[in-house]
Structures are given as structure tokens and as C-alpha cells.
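A.B. asks:
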Amino acid sequence: MEMVTLTIDGQKVQVPKGTTVLEAARKLGIKIPTLCFLKGINEIGACRMCVVEVKGARNLQASCVYPVSEGMEVLTNTPRVRESRKTTLELLLSDHNLECPTCVRNLNCELQKLSEELGIKSIRYQGEKHRPKYDDFSPSIVRDTSKCVLCRRCVSACHKVQGVGVISPNHRGFNTMVAPVFDKSLSEVACVNCGQCILVCPVGALKEKDDTDRVWQAIADPEKHVVVQIAPAVRVSLGEEFGLGRGAIVTKKIPAALRRMGFDRVFDTDFTADLTIMEEGNEFLERLNHGGKLPLITSCSPGWIKFCEHYYPEFLENLSTCKSPQQMFGAIAKTYYAEKMGIDPSKIFVVSIMPCTAKKYEAKRPEMRASGYQDVDVVLTTREIARMLKEAGIDLALMPDEEFDEPLGISTGAGAIFGATGGVMEAALRTVYELVTGKELERIDFTEVRGVEGIKEATIDIDGIKVNVAVAHGLSNARKVLDRVKNGEANYHFIEIMCCPGGCVGGGGQPILNADERMELDYREVRGNAIYEVDRNMPLRKSHENPAVQQLYKEFLGHPLSEKSHELLHTHYTKRPLYPES
1371 MEMVTLTIDG QKVQVPKGTT VLEAARKLGI KIPTLCFLKG INEIGACRMC VVEVKGARNL
1431 QASCVYPVSE GMEVLTNTPR VRESRKTTLE LLLSDHNLEC PTCVRNLNCE LQKLSEELGI
1491 KSIRYQGEKH RPKYDDFSPS IVRDTSKCVL CRRCVSACHK VQGVGVISPN HRGFNTMVAP
1551 VFDKSLSEVA CVNCGQCILV CPVGALKEKD DTDRVWQAIA DPEKHVVVQI APAVRVSLGE
1611 EFGLGRGAIV TKKIPAALRR MGFDRVFDTD FTADLTIMEE GNEFLERLNH GGKLPLITSC
1671 SPGWIKFCEH YYPEFLENLS TCKSPQQMFG AIAKTYYAEK MGIDPSKIFV VSIMPCTAKK
1731 YEAKRPEMRA SGYQDVDVVL TTREIARMLK EAGIDLALMP DEEFDEPLGI STGAGAIFGA
1791 TGGVMEAALR TVYELVTGKE LERIDFTEVR GVEGIKEATI DIDGIKVNVA VAHGLSNARK
1851 VLDRVKNGEA NYHFIEIMCC PGGCVGGGGQ PILNADERME LDYREVRGNA IYEVDRNMPL
1911 RKSHENPAVQ QLYKEFLGHP LSEKSHELLH THYTKRPLYP ES
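Sequential numbering of the sequence shown, starting at 1371, is according to the numbering used here.
1) Can you tell me which of the three DSSP states Asn1333 falls into?
2) In the DSSP assignment, find the unbroken alpha helix (DSSP H) run with His1936 in it and report its ends.
3) Hey, out of Ser1492, Phe1507 and Asp1591, whose CA is closest to Pro1550's CA?
4) Would you kindly check if the distance between the Cβ of Val1573 and the Cβ of Arg1455 is under 7 angstroms?
5) Can you say whether Pro1471 is buried or exposed, counting buried as having 16 or more other CB atoms within 10 angstroms of its CB?
6) Does DSSP put Asn1447 in a helix, a strand or coil?
7) Helix, strand or coil, according to DSSP, for Val1559 in the structure here?
8) Asp1745: buried (16+ other C-beta within 10 angstroms of its C-beta) or exposed?
9) Report the residue from Asp1505, Gln1566, Ser1557 and Pro1502 whose alpha carbon sits nearest the alpha carbon of Arg1523.
10) Going by Cα to Cα distance, which pick from Val1534, His1466, Leu1459 and Val1391 is closest to Ile1490?
11) Using only the alpha-carbon positions, how far apart do Ala1416 and Ser1669 sit?
12) For Tyr1504, which beta-bridge partners are listed by DSSP?
13) With C-beta atoms as the reference, is Leu1666 less than 7 angstroms away from Phe1788?
14) Which of helix, strand or coil does DSSP assign to His1914?
15) Counting only the same chain and skipping the five closest in sequence on each side, list residues whose C-beta sits under 8 angstroms from that of Lys1717.
16) For a test of the three-state rule: what should DSSP assign to Lys1637, helix, strand or coil?
17) Write down the C-beta distance between Leu1778 and Ala1703 rounded to the nearest angstrom, noting that I regard them as a contact closer than 8 angstroms.
18) For the putative contact between Met1724 and Gln1697, defined by C-beta atoms under 8 angstroms, what is the C-beta separation to the nearest angstrom?
19) What span of residues does the alpha helix (DSSP H) with Asp1831 cover, start to end?
20) Starting from Asn1322, trace the beta strand (DSSP E) in both directions and tell me its first and last residue.
21) Report the option in Gly1410, Gly1426, Glu1453 and Met1442 whose CA atom is closest to the CA atom of Cys1420.
22) Which two residues bound the contiguous beta strand (DSSP E) that contains Pro1871?
23) If we call anything under 7 angstroms between Cβ atoms a contact, is Leu1398 one with Glu1649?
24) In chain order, what residues of the same chain lie with their CB nearer than 8 angstroms to the CB of Pro1947, ignoring the 5 residues before and after it?
25) Give the C-beta separation of Met1868 and Thr1782 to the nearest angstrom, bearing in mind that I take them to be a contact with Cβ-Cβ under 8 angstroms.
26) Would you kindly report the start and end of the unbroken alpha helix (DSSP H) that includes Ser1526?
27) By Cβ distance below 6 angstroms, which residues in the same chain neighbour Leu1686 in space, the five residues on each side in sequence not counted?
28) So what's Thr1705 in DSSP terms, helix, strand or just coil?
29) Report the option in Gly1821, Glu1823, Tyr1803 and Asp1775 whose CA atom is closest to the CA atom of Ile1989.
30) Quick check on Tyr1682: buried or exposed, where buried means 16 or more other Cβ atoms within 10 Å of its Cβ?
31) Opposite Glu1578 in the DSSP bridges: which residues?
32) Relative to the C-alpha of Glu1761, which candidate in Met1631, Gln1496, Cys1678 and Gly1662 has its C-alpha closest?
33) Where in the region 1374–1436 do unbroken runs of the alpha helix (DSSP H), each at least 4 residues long, occur, reported from the N-terminal end onward?
34) How many Å lie between Trp1586 and Pro1770 at the Cα?
35) Give me, in chain order, the residues of the same chain whose beta-carbon lies closer than 8 angstroms to that of Thr1801; leave out the 5 immediate sequence neighbours on both sides.
36) Quick one: using the 10 Å Cβ neighbour count with 16 as the cut-off for buried, is Gly1792 buried or exposed?
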């Protein structure tokens, strides 16, 4: 590797050729402020916050895109540089909604943080502000252009990371606005509700649809029996909102906190993750043995499902008909649980705590009413439940360890790993292998499908049957896999697709990290490793060994793929238009 030596603020540093000045400065511990920059996603030098002086260059240079060269001399802290950055920041603030205390990103806002760090005490520039647009018609995502700084991070995430591309800069100059085509609402275009745009936004221009008031009202209603389910990935991310560090495992603290909030029962989505494996694993074997449509593609991720409906409708028959664990839980809660507890299902109010914004959309799909009622009444993101706990004065870090309620709180390690990319595939393989062979697995960890690579492939030997599998996370990677299948370049039997990079641990409803934190660590890998630690520490690690699931089949469903299972736990999908209708 060719190395380059340069000087930054009088300090010599050696870095590989092609390194940017910004990265070279970080190696010396010199922090250069950024706003539009997001490593690997948005490296366009648009905001001009990261400018530096380069000896011999006439103008200030954007350090995030300016490559180093041999003998280069750089100054990052001159009067000219500081004045330029302050002027840029004040101009941004002059056209910004400054109602910071009421903003969802208050105290976690990169614009706010820059203003503090650069010592902005007043705004010298006053004048006309652009005409804002507030779009809250989507079931999942709210867009407020009065807070947008035109950094284009969301555009890059939508186009490059997800390959969806439903938002772009519209108009020109002072009237530029990041929006869907023809200034449509997000609800009117082929948005998949994944929320990756929210995760990368440095300010409060994008946020999840807030449903916390509906949950407070339900908890306060004596006529309602309010139950809550917690997704696998939440147990390794919620602690971050309470200072417990990246990937902190707070599985047993969550039930204690939610009981103190006032929920009547605290259950675990891992229970229905195990149930999903029972249904989906048997569905795969049914297709494999009887000439069904292959490859079978998992259906747990609602953002992926909507993406398929819009962009790859030819694969709808390949999708598993299984509902996601969230929706299975709602259907079981309002039938089996209601019957078992003697509660009128119309009085049961089901709340989901999910790492995902697309789950809000999924819960409102008209197909999700097999019980005769809406399966899931309200979906909260990890961020929303953190805000509710803080509002109630409950510090998760100080909670004692408590267990989930039975019977819908019993789960296995297989259910837990649903939260990481490859987890659904691995959980299914653990069960399918033992169902087919009747033998106990010697090696329970299918490490071939683990990791943060965008696409993973493996061939699994199941008692002489060679099963070709693929795992993709992030929709741009899903495109690559599906295009290979369409073009006859790959012959898979089973495919797992997760909408969000890293799987649910990187979901659009998870805690937001700023650009600096993203450069320091791969938070998705950290949370994913924590998920596998949860799995290793579980007494049961295979879905078919879950005693509560076995009891559910014995008392209520009969057997996997039974008529009752199909009625409650399975669904169908619909081809959707790719472009907005006029």
C-alpha cells in the first residue's frame, strides 16, 4: 500500500494514498466539524462545514472529499477557517426552525452540537425563510422541511443504501427542498417506510410518527387490558438511551420498567419468533418436498415486503405466507390468550415495541385482522418507548431484573437471533435440520449466515439434501440477490431478506448515532454480537423446543400449517404501483 506523508497543524502524519484530509486529521486526534458527511454513505462536500486551508490552494477545501498528497501542508484552525465555518453555520441557522426545546432531536442534534462547539452566540443574518412543508400522511415517517439543512444524507441513504430512491432535491437555489417527486407526500410514492432516512438525518427534519399519546391513553383506560410485546433487537439497543453503552443487554430490566409504566402484561416477541419458525420451517419443507414455489423468501421484514410489492412483484409467490412475529403475536393475543384468560378480545389492546418504523405501516395493513380485530393496535419504536420511560421518571439502568409474563413470554435463543441479519435463516435451519433428520444437531451455530457482509451464501447439508441459502440485508443488496435469481445466475432454495442494514439491530426506529459515533464503531455489529450472546445464554436454543409453543399447538392450533394456523398466522401480499398516480 502506497503511503503519503503530510503535515496537519504542524504535525506530521503518514496515511495510505487516497485518504481524505478529514480522515488523516482524525488519525492525529484533530477534530474537523462536519454536517453533511456520513462515512460510506454521503461524502459530497456540500455543507462546507469541514473546510480547511491547504498550502498552495487559492480557496478553502472541503476536507471530507479532499485527498491527501505527498508533502501537503494543512491548517484546520486559522481565523479564516473559523470565520468561514461560523458564517456557514449562521446562514443555515437563519433559515432553520429554532424551536429546539420542542424538537424530538433536542440534545441529540448535530446542528445544535455544532452551534455549541463553534461558539455561536447570535445569528448575524436575518431575512426570508423558505416556505416549509410538513408531511405527516405516512403511517411511519414525518417530514418537516422547516428543519431540513439540505445535507442530502437522507437522499444518499434512500438511493445508495436502500436502492429505493423516492426522495431527491427538488427545485433550485433558495427553493431547493428534499422531497418525493412532484412534492408528493411519502405516503403517495413507493416509500417502504424503513426509516433509514431518519437514522442518518442530523436534525429533526425526519422522525417517526409519534404514537406515545395513544399508549398513555390506553394504559389509563380501566376498560382496556393493555399488553406489550418486545422485539428481539430492542433488548440490545434500549439501554443505549439510558447511558448503558452500545449493545448493552437489558432483557430482564425491560419487563420491570414496563410494569412500572402500567402495562397489564409484558410479553416477548421472541415467543412468536419461535412460532414463526415452526410455521415457516414447515412451509419450506412442504415446498421443497412437493414442488412448491422456490426459492422461499422470508416475510418477517415489512419494509422488505413493501419493497417486493412495488419493485419485484414477480417474486410475490416466493414470499413465505407467514405473518411477521409481531403480527402473529397480535393474532394469538386476541384469540388464544383472550380465550385462556377469559378476557373479551375487544378489550385487549396490543402494543408492540419494535426497532422498526415500517412495523407501524404493517400493523395497519387491512390483511392483519384475522382475529376479527386489528392484530396490533399501536407500534412504538425503541426511541418512543425510551421517551415514555423518561417521561414517567423510570431509569432503565436502575431497574431490577424481572421475567416476562407467561405464556407468551417464553422463548428460545432461536427467537432472539431474529434481531440480527441471518438470524431468521439460522433459526429456521436449526429446526428444519432436526425435523428432517430426527437427529440432534451436533453444531447448533450456523456461522455461515452470520456477519455484516451485505450478501452471504452457503450450502447446508441436511441429511444428504443440499440446500442453497442466501442472506441479504439492506435493500440494495436485496436487489442484487433477486436480480441474480431472475437472470438465472443463482439457484437458491431459501433466502432471508432484511430491509435494514444489519437486520433489526440497525432498524429505522433504533437509537440515533451522530456522524462521529458512526465513524468510531459499527454499531450494527456490536448490537448483533450482543444478540448472539443472548442466544448463547438461553437454556433452550431451538424454536421447536419451546414448551409454550408446543402447548399452543396442543391446545389451540393443532399443528403447523393447520387450517387454524393458516387462518390466524398466514397472509397474502399485493402488487403495488411503482410510480405515484396523478
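Glycine included, each C-beta is placed from N, C-alpha and C at the ideal position.
C.D. replies: To lay it out plainly:
1) Given a span of 1371 to 1952 for the chain in the structure shown, any question on residue 1333 remains unanswerable.
2) Glu1933 to Leu1939
3) Taking the Cα of Pro1550 as reference, the smallest distance to any Cα among Ser1492, Phe1507 and Asp1591 is reached at Phe1507.
4) no
5) exposed
6) coil
7) Coil, per DSSP.
8) Around the Cβ of Asp1745, a 10 Å sphere holds 16 or more other Cβ atoms; the residue is buried.
9) Gln1566
10) Leu1459
11) In this structure, the CA atom of Ala1416 is about 38 angstroms from the CA atom of Ser1669.
12) Asp1514
13) no
14) helix
15) Excluding positions up to five away in sequence, the list reads Glu1593, Lys1594 and His1595.
16) At residue 1637 the sequence reads Phe, which differs from the Lys that was named. It is a strand residue.
17) 7 angstroms
18) Your pair Met1724 and Gln1697 does not check out as a contact, with CB atoms roughly 11 angstroms apart and the cut at 8 angstroms.
19) That residue, Asp1831, is in no alpha helix (DSSP H); its beta strand (DSSP E) goes Ile1825 to Ile1832.
20) Nothing about residue 1322 can be reported from this structure: the residues present for the chain run from 1371 to 1952 only.
21) The alpha carbon of Cys1420 has as its nearest neighbour, out of Gly1410, Gly1426, Glu1453 and Met1442, the alpha carbon of Glu1453.
22) Note, Pro1871: premise wrong, no beta strand (DSSP E); not H, not E.
23) no
24) Ala1560 and His1680
25) Not confirmed; about 20 angstroms, so no contact.
26) Arg1523 to Ser1526
27) Tyr1943
28) helix
29) The question about residue 1989 has no answer, for the chain in this structure spans 1371 to 1952.
30) buried
31) Answer by DSSP bridge pairing, in chain order: Ile1511.
32) Met1631
33) 1391–1397
34) 23 angstroms
35) Ile1647, Met1648, Gly1651, Ala1784, Lys1912, Ser1913 and His1914
36) buried
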